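Working notes, beginning with the structure itself.
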Amino acid sequence: MSNAWLAFEGTSGSGRTHTGRRRSWGRRVAVIVLLAGLGVITRHPTVRALCRGEIDWSGQRVYAPTFTPDPDALRAIDLRWVHAQLLPDWVIEAARARRGHPHDEPAAFAALLGEAGRDANLHALLLELRPIATDRIEDDGGRALYLLWAWGDYLRRFRQPYWLQAEIAEREDARVLQLSTYHVRHVTDVGVGAHAFEVRFVERLDETTLREPYLGATRRGDDFATVVVDRVEDFVVEDVWPLLDPDDVPLSPMGRNWAPSLRREVEASLRPGDFAELQATATLQRRLRAVVRDVRARRGCVRRRLLRRVDYDGLDDAQLRRLQGIVEHERDRGCPSLTAKELETLAIVSAKLRRRPRLRPAFDALVAVAARHVAIHEVRHLADHAQLGGLDDVLPCRSCRDDMPAAARAELSGHLAAVAWSEAPSMAMYQACLVVAREPTAPHAAAMDLLTTRVGRPCGSGPPRDPVTIARALEHEMLERSEPIALPVAFPHRLR
Ligand SMILES: [Zn+2]
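Okay, structure coming up:
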């Protein structure tokens, strides 16, 4: 959307969205007056949001609790249960009701209200949300998203470590509310030049199959960035850990070209014992992920979608027994959900990984390392936005074509910063290159195309010789600034 700052009611289901908060007052007033003059004042989303108290005159989202907040009431609620189960369950039942499917929305809502509703403000938010979610999402979807944003803002204000992300999804028969819920595991400020921005490291709590298509995000209406630990873990187990054994040469040219630099950076970032543990298990992790990839690749023809989530140490005995039953049941199918050979590999690899008590802390440490460049990328977005309104407006960029859109320029800035200021610059660049390979038309791809063309090294060729120096020089050359970005010295070794 070109006038993205107006679109407080929109969210993206497939990519990052960014806050629009630094606009001149004059422009906002002018736009509103113009809209009034056009006679659309009562219908325009921004004006409606303003009238309903959802945003202030500067365009920032705001929430004024209906009742005097009672921190004790909030503390008495089992908020983990609410976010892991009750709230996601109700949203699913409400969507089923909306679509005319069999449902038990009344019971799900009663359970949710019985627990979360012990706080008067959460009670009020739920009562207003319910009829919209079940009946009026087409007309009032923006209000529903606002109410759920207000929920998260309220919890944040009282330092309750839960957060949620809602969106309106188009189904073939109706629009429905969709929700992901999170436990906030770590909050830190990350310095960009003389300023600091908040980054929240979150892990998914709901067990729906929704999957973020990003490792981190900076969203419209939020003054903080998030890093999704679950997705960083995916990156680690699928793309980094399997490359750590120098004697197990990757099959893909891209893997071969990036592996030596990644190994060097991971070794330098971890305690020696952790690195040795990951290196010793890299081949097992590669075999495990190869089975997961093969099984998922058959999704078009299989009866069951298996291995949606496979932990860093494989599967437990109960999971393997269940899979054994499926393998026997589907033995004669042309496209089995899982083959006997695949199950055997899963069992062998899982047993070996689960015998290693040092594995968990080593894995956690690698995830914490891999999350750092994601945080740097996201705070660069926050800083660009604070300084230049820069995620909705085009950032000044001497090397960009005039028609390079705002989103691609923002990503150029984020990726350059991640390489320039991360302690694992090759890992940052490699991860960006993987996104390009998977989403060749995304704004990231245009940004990385410009970057890699300028460096003279396409993504498939591996990193340039000194990525940090080059990226800092390119920040000056392209964006006319290069501000240090630093995570706190006490950044943790584990995020879960
Ligand atoms: Zn970005």
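Take the sequence shown: its letters are residues 388 to 883, numbered as in the working numbering. Virtual Cβ for every residue (Gly too), placed ideally from N, Cα, C. As the structure is a prediction and not an experimental result, all values here were calculated from the model.
Three-state secondary structure (DSSP) of Glu599: It is coil, neither helix nor strand.
Heavy atom of ligand 1 within 6 angstroms of Gly885 beta-carbon: What is shown of the chain runs 388 to 883, which leaves residue 885 out entirely.
Same chain, Cβ closer than 6 angstroms to Pro875, neighbours up to 5 away in sequence not counted: Thr575
Cut-off 8 angstroms between Cβ atoms - residues of its own chain near Leu693, not counting five sequence neighbours on either side: Correct list, in chain order: Val682, Leu710, Ile713, Ser724 and Leu725.
Residues that DSSP places opposite Thr575 in a beta bridge: Val586
Beta-bridge partners of Val615, as assigned by DSSP: Val589
Any non-hydrogen atom of ligand 1 closer than 6 angstroms to Glu798 Cβ: Yes.
Ala481 versus Pro633: straight-line alpha-carbon distance, rounded: 51 angstroms
Rounded C-alpha distance that separates Ala804 from Glu554: Their Cα atoms are separated by approximately 29 angstroms.
DSSP-derived helix/strand/coil call for Trp550: strand
Val806 beta carbon less than 7 angstroms from that of Met816: Judged by their CB atoms, Met816 and Val806 are nearer to each other than the 7 angstroms cut-off.
Residue environment, Thr605, which counts as buried when at least 16 other CB atoms sit within 10 Å: buried
Reduced DSSP secondary structure (H/G/I, E/B, other) of Gln447: coil
Cross-strand partners of Gln565 (DSSP beta bridge): Note: Gln565 sits in a beta bridge opposite Glu554.
Gly578: CB within 6 angstroms of a non-hydrogen atom of ligand 2: Summarising the ligand content, the structure contains ligand 1 and does not contain ligand 2.
C-alpha distance - Glu864 paired with Phe496, whole-angstrom precision: 56 angstroms
Any non-hydrogen atom of ligand 1 closer than 6 angstroms to Gly446 Cβ: no
Pro812, buried or exposed, once every other Cβ within 10 Å from all chains shown has been counted against 16: Looking at its Cβ environment, which holds 16 or more other Cβ atoms inside 10 Å, Pro812 is buried.
Every unbroken alpha helix (DSSP H) inside the segment 793–840 [4 residues or more]: 793–808 and 812–825
Limits of the unbroken alpha helix (DSSP H) element including Thr453: Where Thr453 is concerned, there is no enclosing alpha helix (DSSP H), given that its DSSP letter is neither H nor E.
Buried or exposed by the 16-neighbour rule on C-beta atoms within 10 Å, applied to Thr839: buried
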